[in-house]
Amino acid sequence: MTRFYSVVFLLYLAAAPFCYGVDGNPSQELIQAPSPVDLRTDWRDYFGHKASVLRASFDAFKNQVNASVSKIEDEDTRKHAEQLIAEISARFESLQNLRNKTFEEPVYVWIPKESYSIEEYLDKAQQVRTFQHEETFIEAERQRLAFFIRDLRQEVSNALVEYSALTEPSLKKFMRGLELIAKHLRIRILSQEHRLVGQANEANESRQAHNLDELAFMEEHLTPDTDSNLDAEEGQTRREHAVVHSELLHTEAQTAKAYVVGAGDGATLQLRIQELTKLLLKESIFRTKLAVIKARKVLQQSFREPDSVDLTSALEDELRFLESMSSQSERWERVIVQTLDQLAHTVTTLPAEADDGEVPDVIRQNIILALESKVLLNKLSNELVHLELVVDLIEQQTVKGKSMGAKLMYAVSEFFSSLGETFEAWFYFGLFELGGVPITLAALLKAILIVIISLLFSRFVRSAIRQIARRRGKFDEATIFTFGTVVHYCILTLGFLIALTSMGLSLNNLAIVLGALGIGIGFGLQNIVNNFLSGLAILFDRNVKVGDYVEIETGHIGKITEINVLKTTVHTFDGVDVLVPNSEIMGQRLINWTKKDSYHRLHVPFSVAYGTDQHDVHRVVNEAARCVPSTVLEIKGIPEPQVWLVSFGDSSLDFELIVWVNLRRSSGRSSLRAAYLGAIESALKRNDISIPFPQRDLHIRTVPPGWAGQHQPPSPRHEEPVSADKS
């Protein structure tokens, strides 16, 4: 079968499917379309040609490929190939349409007027905000398309590597070629969409610049409102607000009663909550309208008497209401979106046989109420924007009649206010999601600050523990260090949990974080976790503790000064700090010279000459050993210093001083040995006990000829004695 497919595609390559003329005349040569079984290095340039020369060539390509696909015997493979060809054809048509398409900016002509009403100004300001939102959405779409194009190009590059590995024509290579062509056409389409979105963004920026100029012109030519219907509008709004408020109180009472009694199922209770949310949104809309009406009255006053308006006192309640409602509307939006998602999930999980697949009335009513709440939320957002615009206009009008210094101060305050809003937007911009909770820069900084405070508080607590323990003097150094380290870990763990909670993570989210941490431990943090747990085991096992004198396998001998998270510090007698991983201390052999106590038996060898009285040696050396400060004396269970005769040497009697010493009174075993050797040497010298040295006798058996005459020893000189009375 494989041989059959190979023959088919060899015939396909041998044919001339891409050399027909546009009008069917073979003499007119067209550009060659890419062959699925032989994609050359420039195959992607084919789709960049003009549509006039590309159309006929592509039709010939499609006809030939269809003819080859019809010969595939495997039905599933043939259907997949037909789908790929249909996809390629559709994308080819879309590409040709997009290549000829350009973004047409609507023609807009603005004719300035001598004066503008506040309504016209607010409409233009609302239009500016709308364009700002559109600009944000367009830029986000551009980035999305750019990322998508980059990912697709990487995918095509990886697929080309796999395609190049197939050296011989085959059915598999043919299918891979079709997939590559389809993906490349998708990249071409996305690139054209990216071009159109870029043109739309440029047009939006140009229109926005005109809108800002128009808004500034309208601000300079504003006229105060002469409309006296604000009082009537306020009265009508208050009456409607009273009706909604009364209905809201009744619904709140019914909802609370349903919760207490537990009447109905979950869908019914959710329906009551949806009704309550809808009424809350209605009441908030009326309250915002009343705030707008009051702000409009203050604005009229600012036109008549600019110096008499104090924005802080006149709109204090409205400014506080604007701030609270802005945050409340964001919470409502999240609740409504979550409710719609839950209802959609409920609908998709309904059993098909229940009521012939129809949605129950309670769920349908819940969906309707949620959608109505969504509409009301949009109205509330528009009213809040309206209120904010009126407040901004009042600020600008109150500044106009003031001095240059006041205007400068206002400009500076506005600059810092906008700068603060920018930083606030950065701080509260969602960087990523963790367990479904958006993590912002502000949340990260707050969590880091909590961890830093935990570290400082832990350091203060450990310092206080050390000072209190040293004053009382009832605890050794190791106990103080262990207790301080445990307190340190507890404070850090509590601070870490508080930091995660401050970011909005619940216990379920913490489980997700710990699960991700477990995956990280499985891939690359085994060594760190092993050392950390080994450090905890060392602290609580207390076979090795701070202050102990140890000898590790590398031969270093020293005192343990710190047991940290990952490593233990051994300070050697040479003043070198050796950092030993905690896992090595737990898993390798280690000599602890002071595990239970600091007493250690020391063997100090020395020799004296033959003929020396042993009793004198025992007495003299014993007395010298007792004078060394490190010698342990008069402690129950520990023998006094002893002197043993251990061997007869070639020229000496070999002894050993057996003495128990306190390692904590010295700077090392080598210094102890040196101290005892020095004391022994001084004691033997004072008591005229000689320390022998090796002596050798030389016997000459043969003397070379002439050596005796040439090397005569000098004769001794005999001098006459001098008489004492000689004159």
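For the sequence shown, our numbering assigns the number 727 to the last residue and increments by one with no breaks.
Don't be surprised by glycine CBs; every beta carbon is placed ideally from N, CA and C.
None of the values given here were measured: they were computed from a predicted structure.
Please report how far the alpha carbon of residue i lies from the alpha carbon of residue j, in whole angstroms.
i: K124; j: N211; result: 7 Å
i: H221; j: M503; result: 48 Å
i: N662; j: A679; result: 17 Å
i: I465; j: S583; result: 28 Å
i: T346; j: I363; result: 8 Å
i: R239; j: H245; result: 10 Å
i: E205; j: E193; result: 18 Å
i: I450; j: S324; result: 27 Å
i: T102; j: S327; result: 41 Å
i: Q126; j: H250; result: 36 Å
i: G357; j: L371; result: Note on G357: pLDDT 49, under 50, position unreliable in the model; the coordinate value appears next. Each residue's alpha carbon lies about 22 Å from the other.
i: I118; j: T223; result: 7 Å
i: V621; j: A537; result: 45 Å
i: N63; j: A56; result: 11 Å
i: V107; j: Q199; result: 15 Å
i: R142; j: R320; result: 37 Å
i: Y489; j: I635; result: 40 Å
i: G24; j: D59; result: Low confidence applies here, because G24 scores a pLDDT of 40, under 50, leaving its location unreliable; read the following figure in that light. Spanning the two alpha carbons is a distance of roughly 12 Å.
i: Y599; j: S458; result: 35 Å
i: A81; j: L180; result: 12 Å
i: V617; j: S671; result: 23 Å
i: T750; j: V128; result: Within the shown structure, residues of the chain are numbered from 1 to 727, placing residue 750 beyond reach of any answer.
i: L95; j: D45; result: 14 Å
i: D355; j: T348; result: The predicted model places D355 with a pLDDT of 49, which falls under 50 and marks its position as unreliable; any figure quoted below should be read in that light. Whole-angstrom Cα-Cα distance: 14 Å.
i: E139; j: V197; result: 8 Å
i: D361; j: Q338; result: 20 Å
i: S413; j: L322; result: 20 Å
Residue i bridges to which residues according to DSSP?
i: Q642; result: I658
i: R601; result: W660
i: V608; result: L653
i: D123; result: D123 pairs with nothing; no bridge assigned.
i: Y116; result: L222
i: S756; result: Any question about residue 756 goes unanswered here, given that the chain covers just 1 to 727.
i: T572; result: G558
i: D577; result: H571
i: N592; result: V550
i: T493; result: None; T493 has no bridge partner.
Determine the burial state of residue i: buried for a count of at least 16 other Cβ atoms within 10 Å of its Cβ, exposed for fewer.
i: S723; result: The predicted position of S723 is uncertain, since its pLDDT is 42 and thus under 50; no value can be drawn from it.
i: G495; result: buried
i: W332; result: buried
i: T136; result: exposed
i: K50; result: exposed
i: I85; result: buried
i: D42; result: exposed
i: P639; result: exposed
i: Y5; result: Caution applies to Y5, whose pLDDT of 45 falls short of 50 and renders its modelled position unreliable; the model cannot decide the point.
i: F47; result: buried
i: R150; result: exposed
i: G535; result: buried
i: S35; result: buried
i: A90; result: exposed
i: H133; result: exposed
i: A674; result: exposed
i: L280; result: buried
i: V65; result: buried
i: L387; result: buried
i: G558; result: buried
i: H184; result: buried
i: A624; result: buried
Which whole-angstrom value is the C-beta distance of residue i and residue j, which I expect to be below 8 Å?
i: K379; j: I336; result: Not really, about 13 Å apart at Cβ, beyond 8 Å.
i: L299; j: V390; result: 6 Å
i: E104; j: M218; result: Actually they do not touch by this definition, with Cβ atoms about 27 Å apart.
i: L657; j: P641; result: 7 Å
i: L230; j: K297; result: 6 Å
i: I563; j: D548; result: At roughly 10 Å, the Cβ-Cβ gap does not stay under 8 Å, so I563 and D548 are not in contact.
i: E553; j: Q526; result: With a Cβ gap of about 22 Å, E553 and Q526 do not count as contacting.
i: E318; j: K282; result: E318 to K282, Cβ: 19 Å. No contact.
i: V69; j: G177; result: Going by Cβ atoms, the distance from V69 to G177 rounds to 12 Å, so no, they are not a contact pair.
- Query: Enumerated in chain order, which unbroken segments of the beta strand (DSSP E) with a length of 3 residues or greater are wholly contained in the stretch 529–570?
  - Reply: 549–551, 557–563
- Query: Along the chain, which unbroken stretches of the alpha helix (DSSP H) at least 4 residues long are found entirely within the stretch 311–396?
  - Reply: 311–314, 316–348
- Query: Which runs of the alpha helix (DSSP H), 4 residues or longer, sit entirely within the stretch 130–184?
  - Reply: none
- Message: Restricting to runs no shorter than 3 residues, where is the beta strand (DSSP E) found entirely within the stretch 265–306?
- Response: none
- Message: Restricting to runs no shorter than 4 residues, where is the alpha helix (DSSP H) found entirely within the stretch 26–108?
- Response: 51–69, 75–99
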